[in-house]
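In mature numbering (1 follows the signal peptide of the UniProt record, and there is no 0), the protein residues as written are -19 to -1, 1 to 216. Working notes, structure below.
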Amino acid sequence: MALHLRAALLLTVFPLCLTEVKVNLTAVVGSSITFPNPVKERGYFSFGSKTIAPVSNGVFEIDENIYTNRLHWSSSTGLFTLSNLQKTDSGVYSIDSKKGNVFYKNYELKLYDPVSVPVVSGVNVSSDSCTLQCSVNHTEQITLSWFRGDQTVDSSRTSTVLLLNVQRRDYTDQYKCVAQNPADNKTVIVNVTTVGRFLLPLTVFGVALAVYVSVLHLKTERKRKKKATASSAGV
């Protein structure tokens, strides 16, 4: 009975050992990533079910040509580094250490395009407020956020344009627009006072120009009507 119970326990535990939890890793296209667990004596580095590179007695070999000059192994640290990452490098990798520190680890690597630097501009300004627009080129799973100090004011995962209205009394606070995906982020710090000072004269000039054109048009119309009236009276 005890033997049967021990066998049942082994059958229960063994599948759990096989279902190794994956370590999630993210990286940007064109960058490099170092896998966190070392093989210092003997082991294997694999992608999916295919062995890419074995290590034996301090000797590192690459079995797949596409990883030549891209996959590196440090004899001092035992760590594997994959460089010049491409979208096709996304997938499940495994490290199987057979000697010394024996372990088996799975890693799920996801590659993302680099995030572009957000562009901030003032789209509307008045004497008491300023509306800021933050925009970014579309990339996969991007989040666009406005911060006031360290506090999130607004955020969007569905739009590449995000507006923020700032009251004049809050111009001296620090604002920043952040564009990010799971692997990268870019930040632009905004001086609202500078944006407001630059745009307000333009707005005033635009209003003044519109008034000037309207007045000039009215004067021209009046002169034309007077001439027309004078011509009719002369006839």
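Every residue gets a Cβ at the ideal spot worked out from N, C-alpha and C, and that includes glycine.
Would you call residue i buried or exposed, if buried means 16 or more other Cβ atoms sit within 10 Å of its Cβ?
i, result
"V83", "exposed"
"L90", "buried"
"V40", "exposed"
"S78", "buried"
"I33", "buried"
"V142", "exposed"
"F179", "With a pLDDT of 43 at F179, under the threshold of 50, the predicted position of this residue should be treated as unreliable, though the coordinate-derived value follows. Answer is exposed; the Cβ neighbour count stays below 16."
Between the C-alpha atoms of residue i and residue j, what's the straight-line distance to the nearest angstrom?
i, j, result
"V73", "R23", "21 Å"
"N46", "F28", "13 Å"
"Y93", "D165", "8 Å"
"N18", "N172", "44 Å"
"E42", "K3", "25 Å"
"G59", "S75", "14 Å"
"V96", "N87", "27 Å"
"V159", "S13", "23 Å"
"V20", "P163", "28 Å"
"L66", "G11", "5 Å"
"Y25", "P35", "4 Å"
"L145", "H119", "19 Å"
"K167", "Q161", "6 Å"
"R129", "T7", "28 Å"
"S102", "V169", "11 Å"
"S55", "T112", "52 Å"
"Q155", "V9", "29 Å"
"S116", "W127", "11 Å"
"K31", "Y85", "15 Å"
Round the Cβ separation of residue i and residue j to the nearest angstrom and send it over; I've been treating them as touching at under 8 Å.
i, j, result
"residue 217", "H53", "Past the boundaries of the shown model lies residue 217; the chain is included only from -19 to 216, so the question cannot be answered."
"T62", "T15", "5 Å"
"V98", "Q114", "Between Q114 and V98 the Cβ distance is about 15 Å, and since that is not below 8 Å, they are no contact."
"T174", "T153", "7 Å"
For residue i, decide whether its Cβ has a neighbour in chain D, counting only Cβ atoms nearer than 8 Å.
i, result
"T124", "The structure shown contains no chain D, having only a single protein chain."
Within the region 83 to 171, ranges of the beta strand (DSSP E) (whole runs, at least 3 residues):
Note on the region 83 to 171: whole beta strand (DSSP E) runs with a minimum of 3 residues are 84 to 93, 100 to 106, 110 to 116, 124 to 129, 132 to 137, 142 to 148, 156 to 162 and 165 to 171, in chain order.
Counting pairs of Cβ atoms below 8 Å between the region 113 to 123 and the region 134 to 151, do you hit three or more?
Yes, the region 113 to 123 is in contact with the region 134 to 151.
Are the region 144 to 153 and the region 107 to 117 in contact at 8 Å, needing three or more beta carbon pairs?
Counting Cβ pairs under 8 Å, three or more are found: they touch.
Within the chosen definition, does the region 127 to 136 reach the region 54 to 70 through at least 3 CB pairs nearer than 8 Å?
The region 127 to 136 is not in contact with the region 54 to 70.
If we require 3 or more residues per run, which beta strand (DSSP E) segments fall completely within the region 2 to 37?
Assignment of beta strand (DSSP E) within the region 2 to 37, counting only whole runs of 3 or more residues, yields 3 to 9, 23 to 28 and 31 to 37 in chain order.
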